[in-house]
Amino acid sequence: MLAYALHLESGEDRIRFTRLYKANQKSLSRLAARILGPGPKAEDAVHDAFVKLIQRYDALRSQPDGHLERWLMAVVRNTALDMLRKDSRQAELEPGFQEPAVPPDLGEFEALVALIRTMPEDYRRVLELRFLAEWSLADVATELDITEAAVKSRIFRGRKLLMDALRKEGYLDGQSCI
Amino acid sequence: MDSPVFDNMLKIALEEALRQDIMEAPEIPAPSPRQRRRMRRLLTAPASVCSAGAEMTHRPRIPGRWLAAAVIAALLTGAAAAGLSLGNGAWFRQWFDESLWAADYYGGAADTEQLLGMGVEMASSTVESDGMRLEVFDAVFDGQRLMMFVRMTLLDPTLLEKTQRGSEWIGFDQVELLPEDGGEFSLSAGVRSLHSFSALPWTEEEPEEGTYPLLFQFDLGGLDEGGPAQLRMTNLILWPASGLAETWPGEWTLSMTLKPTKALYLKEKQACRVDGADWVLDGLSLSPLTLRMEAHCLSEQRKTPWYPFSDIAIHMKTGEIIDQQGCSATAGYGGRRITGCLDFALPLDLEQVDYVHLFGMDIYLEE
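Same order as they appear, the protein sequences are chains A and B.
Residues 17 to 194 (the working numbering) make up the first sequence, in order.
Residues 245 to 611 (the working numbering) make up the second sequence, in order.
Written as structure tokens, this is what we have:
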């Protein structure tokens with residue numbers, strides 16, 4: 017607990033934190049509301065994300081604002097999904113879920129984005145925390161309450177799922193279908 | 245495509261996916277009061293939020309409205325960027341909403357929305373003469389208290405050069421708030437408090453060299469019916485870090501109309517006993533920003549309470565009890581009379597006031 021008290025003691029850190037909040041609160045609220053619906057739960061998800069930022073601020077201080085913004089987006093989404101899971105008592109999604117379909121006539125990057133938006137949530141969450149928020153394997157495991165081995169497994173399978181889907185549509189190594 | 249290239253594209257695509265999720269999300273309403281309170285606490289006391297079981301045990305006595313210069317500067321920067329569009333109480337509403345702990349402490353007792361359009365119409369919001377420009381950002385008046393936020397810009401190169409040499413403090417020789425008919429605003433017990441203004445140096449971004457935010461607060465000495473008024477400032481005083489002060493001569497006047505809003509007051513005087521002496525509570529008036537009291541001692545050997553608000557408590561229908569914590573208080577003594585003025589950390593919702601406890605009495609006020 018004493019470690020938390022050391023966070024944001026400097027005025028500069030507080031000003032930066034306030035700036036990040038003001039710049040991102042609305043978009044993060046919309047992201048949470050998209051999952052949980054508008055209301056106090058979505059607000060809680062955003063609040064919890066900023067609390068986590070404070071808790072990890074020592075490690076993140078040197079990161080540019082753009083990275084912290086991406087980090088917040090990933091955390092808000094994960095927090096909102098956790099809340100949704102607790103509320104709806106959804107069963108853990110099994111790896112190997114049906115591969116998402118790629119909308120036609122998209123460039124390679126757009127196709128990847130579309131795939132990400134439709135891929136199973138458990139894979140997407142791990143990829144976001146690992147690639148976007150740049151958390152360590154241990155931190156991701158703690159956050160998601162799974163083992164590090166499971167984190168590695170989901171990263172591998174999530175990447176493979178996306179790459180296989182792109183190749184199927186003729187991207188990556190293949191020719192574009194367009 | 246090799247793995248590092250794909251991973252790099254994956255990272256960007258993950259971010260784009262989140263952004264598209266946000267873009268497709270429905271519009272959300274403004275944060276709820278509960279959320280605003282939580283985030284205020286988080287922004288101003290993050291350690292207390294992050295430490296499990298930690299609670300704010302210390303309530304600062306510095307009123308919330310006396311914010312750090314950086315916050316005022318930040319708000320003013322935003323207003324400047326918005327082309328001075330904040331006014332009509334909007335700036336002060338935002339300022340109060342940025343208060344430190346007050347929102348959590350006041351809870352449902354506070355209402356900052358009532359500041360919008362509260363009590364002031366500026367006839368002239370800008371005056372430029374004698375090497376300086378004064379622009380009114382915002383003003384609110386609740387019948388007892390006038391608050392004005394003004395930007396001072398030094399235009400004369402000589403004046404600017406003097407301040408650049410390092411002025412520790414800049415102020416006016418005289419600041420007066422006068423009714424336009426040349427009289428004085430209503431006084432009570434002969435006391436008129438002119439609260440000081442403060443010229444705050446920029447600590448964050450400085451939009452223009454030689455600009456200063458000024459916050460004026462006036463206690464009109466009791467409930468006032470308002471009317472046309474002028475804010476007159478005379479002679480700029482420059483206090484260097486060392487050496488003698490310099491005077492820059494000039495006179496600057498801003499005109500306005502003060503329109504009081506709803507207030508509660510004591511209908512009949514009440515006898516009370518304070519510090520072993522008999523007193524009469526002559527007046528008690530409660531407006532959203534201020535509580536004001538006047539009393540006199542019946543005994544020749546009067547015992548003046550050093551601090552008249554030691555047992556003050558405003559009981560709200562919502563359950564909150566607002567005491568002196570976080571408020572700014574002043575008291576005046578003259579003979580056997582005492583007056584006191586309590587400035588709240590947030591504007592009170594008068595609809596929610598149940599009664600005021602003072603000098604051992606529960607006092608019910610009326611409109």
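Think of the CB as a built atom: it goes at the ideal place given N, C-alpha and C, for glycine as much as any other residue.
Neighbour flag for residue i against chain B, beta carbons, 9 Å
i                : result
Arg93 (chain A)  : yes
Ala165 (chain A) : no
Pro80 (chain A)  : no
Met89 (chain A)  : yes
Ser43 (chain A)  : yes
Val129 (chain A) : yes
Leu100 (chain A) : no
Arg77 (chain A)  : no
Gln106 (chain A) : Residue confidence for Gln106 (chain A) is low, a pLDDT of 46 falling below 50, so the modelled location carries little weight; the figure read from the coordinates is stated next. Gln106 (chain A) does not count as touching chain B.
Arg175 (chain A) : yes
Phe172 (chain A) : no
Arg32 (chain A)  : no
Leu160 (chain A) : no
Leu207 (chain A) : For chain A, the structure presents residues 17 to 194; residue 207 (chain A) sits outside this window and is missing.
Assumed close pair residue i, residue j - CB separation to whole angstroms, cut-off 8 Å
i                : j                : result
Ala149 (chain A) : Val91 (chain A)  : 6 Å
Leu182 (chain A) : Ala127 (chain A) : 6 Å
Bridge partner(s) assigned by DSSP for residue i
i                : result
Trp492 (chain B) : B:Leu480
Leu508 (chain B) : B:Leu530
Val597 (chain B) : B:Met560
Pro5 (chain A)   : Given that chain A is displayed from residue 17 to residue 194, the structure contains no residue 5 (chain A) and the question cannot be resolved.
Met376 (chain B) : B:Ser373 and B:Leu398
Ser572 (chain B) : B:Asp587
Ala473 (chain B) : B:Pro423 and B:Met500
Trp523 (chain B) : B:Cys516 and B:Cys541
Min CB distance residue i to chain A below 9 Å
i                : result
Ala257 (chain B) : yes
Arg389 (chain B) : no
Gln569 (chain B) : no
Gln279 (chain B) : yes
Met283 (chain B) : yes
Partners in chain B for residue i, counting only beta-carbon separations shorter than 8 Å
i                : result
Phe147 (chain A) : Asp251, Leu254, Lys255 and Leu258
Met179 (chain A) : Phe250
His63 (chain A)  : Gln279, Arg282, Met283 and Leu286
Partner residues on chain A for residue i, Cβ-Cβ distance less than 7 Å
i                : result
Pro275 (chain B) : Glu59
Arg580 (chain B) : Those do not exist, as Arg580 (chain B) stays about 48 Å from chain A at its closest Cβ, beyond 7 Å.
Proximity winner among the options, relative to residue i (alpha-carbon distances)
i                : options                                   : result
Met392 (chain B) : B:Thr501, B:Ile414 and B:Asp567           : B:Thr501
Ile556 (chain B) : B:Leu528, B:Pro248 and B:Gly351           : B:Leu528
Met89 (chain A)  : B:Leu475, B:Leu258 and B:Leu592           : B:Leu258
Arg476 (chain B) : B:Glu424, B:Pro457, B:Leu262 and B:Asp265 : B:Glu424
Glu260 (chain B) : A:Arg32, A:Lys102 and A:Phe147            : A:Phe147
Asp265 (chain B) : A:Thr95, A:Ser43 and A:Lys176             : A:Ser43
Asn40 (chain A)  : A:Gly53, A:Glu59 and A:Ile51              : A:Glu59
Tyr37 (chain A)  : A:Leu178, A:Arg50, A:Arg86 and A:Lys57    : A:Arg86
Ile70 (chain A)  : A:Ala154, A:Phe33 and A:Pro136            : A:Phe33
Pro80 (chain A)  : A:Thr158, A:Val167, A:Arg35 and A:Gly186  : A:Arg35
Thr505 (chain B) : B:Gly520, B:Leu594, B:Lys513 and B:Pro457 : B:Leu594
Leu458 (chain B) : B:Gly494, B:Pro493, B:Leu602 and B:Val394 : B:Val394
Thr574 (chain B) : B:Cys541, B:Leu403, B:Ser554 and B:Arg580 : B:Ser554
Glu493 (chain B) : B:Val249, B:Gln461 and B:Thr478           : Note on identity: in this sequence residue 493 (chain B) is Pro, with Glu being the wrong assignment. Looking at the Cα atoms, B:Thr478 is the closest of the given residues.
Under 9 Å from the C-beta of residue i: neighbouring residues of chain A
i                : result
Arg337 (chain B) : Within 9 Å Cβ-Cβ: nothing; Arg337 (chain B) doesn't reach chain A, min ~16 Å.
Met392 (chain B) : Result: empty, since nearest Cβ-Cβ is about 26 Å, beyond 9 Å.
Ala334 (chain B) : Here the premise fails: no neighbours, minimum Cβ distance about 17 Å.
Heavy atom of the ligand COA within 8 Å of residue i beta-carbon
i                : result
Asp382 (chain B) : As far as ligands go, the structure on display features none, and thus does not contain the ligand COA.
Under 8 Å by beta carbon: chain A residues contacting residue i
i                : result
Asp265 (chain B) : Leu47, Arg50, Arg93 and Arg133
Arg262 (chain B) : This sequence places Leu at residue 262 (chain B); Arg is not what is there. Per Cβ cutoff of 8 Å: Leu47, Arg86, Met89, Ala90, Arg93, Glu144 and Leu148.
Amino acids of chain B, ordered along the chain, whose beta-carbon sits closer than 7 Å to that of residue i
i                : result
Phe125 (chain A) : Met253 and Ala257
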